Amino acid sequence: MKKVNIINLGCAKNLVDSEHLARQLQANGYSVVYDHPELHDYTLINTCGFIHDAQQESIDTILEAVTLKNKHPESFVGVFGCLTQIFKEQLKKEIPEVDGWFGKYDFNAILSALQGKHYKNYDHERVISTPSHFSYLKISEGCHRKCAFCSIPVITGNYKSVPAKELVKEAEFLAKTGVKELILIAQDLTYYGQDLEQDTTLVSLVQMLSKIDGIEWIRLHYAYPVGIPDDLFDEMQANPKVCRYLDIPVQHISDNVLKAMKRGHNSQKTAQLIQNIKNKVPGIALRTTMMVGFPGETTQDFEQLLEFVRTEKFDRLGAFPYSHEKYTYAYDHLKDDVPEEIKEQRLEQLMEVQHEIALERNTAMVGQTLRVIIDRKEDSVGYGRSEFDSPEVDGEITIENGELLKVGAFYDIKITGAEAYELFGKVTNYA
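Quick look at the structure:
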């Protein structure tokens, strides 16, 4: 049996694509592994093209695979994903050693290159690469927003919701494999269903997914801060399967910067939204993403951002410096006028503020008992998460008396200590 190594780069949406492709390859008789350092009969690299650093990581990975291929000329190296969607012809010329260049959605061409074919009856199945108890569910492709800094609409096209029946079928398959936590992802969860003819909304989708046996947590990522349906918060409060957790990428709070970013919201509406969420879903953990150094960002704009973060006290916050990328409005129309040194200084300042908030938030958890899912174990130490933390991007809970813990199971954990991005606890039951 020939082996295929799929190397996945970039976001969780790419990961889902790779997992669908892996199932098709299995159906064609191939053995599939993920992110293996050694060369196999076939190596397929799913690239990211969002910002320069991600593009460079993709190119470096391709070059590493080509170096291995030079020692084994009979092997096959194929490249697909976001980077090739926009730079395929240029890359073909620069790295001719690659055997196959494919666009982001060219799965049939990839299968054909490997002497395989597409099996429609396996479209809802995946070979998951995450721990078996959680998985991502991509509910749409593309994006219809026109944010000035983002090239995603150019790469992926306009927003296209996946029909709810297909998502339920996929989620049912995942549940049968042992998945207990579904993490809903899209470039914009908020818009889900608005492009479908039938009366489908994000809330109705969540309700359908909640009925699936075996699914215990449903987590929501990437809710654009414009147009979030108000009944979503009612559902989060009433439905015990929906985690009290929401990822809302605010990006900035200065009206000047938000307007230049073409975000479609302002400081007043953003503050009102956050307060509304907190009122409707008490105890919710809010995650956000901020950008510093966008063209034209002044010291006053940045100070306003810092004050906003201090005031709102987001439970989780990620941040990154602006990157001047081709195929964006900002690249064509705005000057990248904030020096890199200033961007890095502002990023450091922002994360210092968030570090203090995170420590304050976590310290307040000491003494509480949380329902925790175990992600992994090392000897007698367990590591898990409550509903307030998403895998990979958020913190975890370290459990010292974890000899009898089972990965993928839920336990009541009493929090005994805290750091900014990590909690410590002990098991109160093994039921």
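Numbering (full-length UniProt numbering), first residue to last: 1 to 431. No residue lacks a Cβ here, since even glycine has one placed at the ideal position from N, Cα and C. Computed from a prediction, not measured in an experiment: that's the story for all the values here.
Closer than 8 Å: residue i CB and nearest the ligand HEM heavy atom
i	result
M291	Absent from the structure shown: the ligand HEM. Ligands present: none.
Residue i - DSSP class collapsed to helix/strand/coil
i	result
E197	coil
Y119	coil
R263	coil
V66	helix
L220	strand
Q251	strand
I215	coil
Y331	helix
D17	helix
A186	coil
I155	helix
A285	strand
T298	coil
I128	coil
R145	coil
Y192	coil
E172	helix
Counted within 10 angstroms of its Cβ, other Cβ atoms place residue i as buried (16 or more) or exposed
i	result
L167	buried
M1	exposed
K343	buried
V393	exposed
D379	exposed
Q85	buried
H72	exposed
H40	buried
S132	exposed
E356	exposed
E94	exposed
Residues sharing a beta bridge with residue i, DSSP
i	result
S140	S161
V79	I45, W101
M291	F320
T311	Paired residue(s): none; T311 is not in a bridge.
R385	I373
N5	V33, T43
Y245	A285
E378	V381
S135	L182
First and last residue of the uninterrupted alpha helix (DSSP H) at residue i
i	result
I110	107-113
S210	202-210
E360	340-363
D231	230-238
Residues near residue i by beta carbon distance below 7 Å, same chain, minus five either side
i	result
L15	N8, S129, Y136
M290	V250, Q251, H252, L305, L317, A319, L350
Residue interval of the beta strand (DSSP E) (run including residue i)
i	result
A418	410-419
K426	422-427
E396	396-399
Beta-carbon contacts of residue i that lie in its chain and below 6 Å, excluding the five residues immediately before and after
i	result
L25	V4, V32
E396	Y383, R385
V338	G293, E297
V366	I415, A418
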